[in-house]
Structures are given as structure tokens and as C-alpha cells.
Amino acid sequence: ASDWSSDVCSSDLVDDDTVHRMVIARIGSRAGYASETAATCDDANRMIQPEAGISCITVDLSLGDRDGREVLRLIAERNVDAAVIVISGADEAVRAQTERFARQLGVRLLEVLPKPVDLKRLRDILVNARGEADHLAAA
Numbered sequence: 160a161s162d163w164s165s166d167v168c169s170s171d172l173v174d175d176d177t178v179h180r181m182v183i184a185r186i187g188s189r190a191g192y193a194s195e196t197a198a199t200c201d202d203a204n205r206m207i208q209p210e211a212g213i214s215c216i217t218v219d220l221s222l223g224d225r226d227g228r229e230v231l232r233l234i235a236e237r238n239v240d241a242a243v244i245v246i247s248g249a250d251e252a253v254r255a256q257t258e259r260f261a262r263q264l265g266v267r268l269l270e271v272l273p274k275p276v277d278l279k280r281l282r283d284i285l286v287n288a289r290g291e292a293d294h295l296a297a298a
């Protein structure tokens, strides 16, 4: 019997909006991810650990009174080797600044997407990231 975990990648979703978390988790599920969700930076702090085996993390920049860049910093500080997708309603300049920040930290950033997110594009990015994770695991 095969272990289902070898067929499913793990993802973490950090977004303070319940509806966005549910929609992104559903898209992740359709792309082959089992998702854990966090609504706050504190939740993300507990969830994002190197030993958790997370293959992909989606992060909203606006997390109530905190900033999603704190989550990016946490990912870098803990050397979590997960593909990261930032999804934000912030303007293009802030998204570009966030992309530079994540790359300076050494985070494996795949994309910075605007809200409302293009669900097909998000699914395609997740499927591609999963394919890369599967390829690396087989190597």
C-alpha cells in the first residue's frame, strides 16, 4: 500500500481573511496540496518550522495589525525551504518592493500576485511548484 503523503505536498496559507484562506486552500487541494491555515503572524510562527516539511507557503501582506513581511523574515530565519507565493491587495509598487525584500532574504519566492487573485494562475503556479517538489524528492 502506498503512503498518501508521498502523493500530496504540504502547504501553509497565511491570510487574515477567512474567505481567502478557504478559497486558496480549495485551489491548493485541487493542485495536490494538504493545507494548514494561519490567520495571524503568531499562528504562522507556530506553524512554519523547518521540520514540518512544507513545500509551499502562500502569504498575504496585510495580516490585521501585522505585516506579511514578518512571515517572509520568519521563513528566511528558520531556513524553511518552501516555495513562497505572496498574494496582496497592495499596489504594484508595494508588491515590487516585497519581491525585492523576499529575494534579499533568500526566500524561494515564486510569485507576487495581486488581489483579487487569478485562481487559474494560482492553481497553475501551485501545480508547477508541486512538480518541482516531486522532481527534487525523486532526485
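So the sequence shown is residues 160 to 298, counted in my numbering.
Just so it is clear, CB atoms sit at the ideal spot from N, CA and C, and this is done for glycine as well.
Return the Cβ separation of residue i and residue j in integer angstroms, given the expectation that the two are a contact with Cβ distance under 8 Å.
| i | j | result |
| --- | --- | --- |
| residue 272 | residue 278 | Not really, about 10 Å apart at Cβ, beyond 8 Å. |
| residue 235 | residue 276 | Actually they are not in contact, since the Cβ atoms of residue 235 and residue 276 sit about 23 Å apart, beyond 8 Å. |
| residue 184 | residue 194 | 4 Å |
Under 6 Å Cβ to Cβ from residue i, same chain only, skipping five residues before and after it: list those, please.
| i | result |
| --- | --- |
| residue 174 | 180, 219 |
| residue 223 | 175 |
Identify every residue that forms a DSSP beta bridge with residue i.
| i | result |
| --- | --- |
| residue 180 | According to DSSP, residue 180 bridges with nothing at all. |
| residue 226 | 221 |
| residue 270 | 244 |
| residue 171 | 195, 216 |
Could you say which of the options lies nearest to residue i if we only look at CA atoms?
| i | options | result |
| --- | --- | --- |
| residue 242 | 232, 270, 260 | 270 |
| residue 206 | 184, 223, 176, 230 | 230 |
| residue 198 | 221, 186, 265, 240 | 221 |
| residue 245 | 225, 201, 257, 200 | 257 |
| residue 274 | 185, 182, 247, 184 | 247 |
Cutting at 8 Å between CB atoms, please list the residues of its own chain near residue i, excluding the five before and the five after it.
| i | result |
| --- | --- |
| residue 289 | 168, 190, 191, 192, 214, 215 |
| residue 232 | 264 |
Residues in the same chain with beta-carbon distance under 7 Å from residue i, minus the five sequence neighbours each way, listed in chain order, please.
| i | result |
| --- | --- |
| residue 238 | 209 |
| residue 240 | 267 |
| residue 200 | 222, 225, 229, 230 |
Can the beta-carbon of residue i be found closer than 8 Å to that of residue j?
| i | j | result |
| --- | --- | --- |
| residue 187 | residue 285 | yes |
| residue 225 | residue 260 | no |
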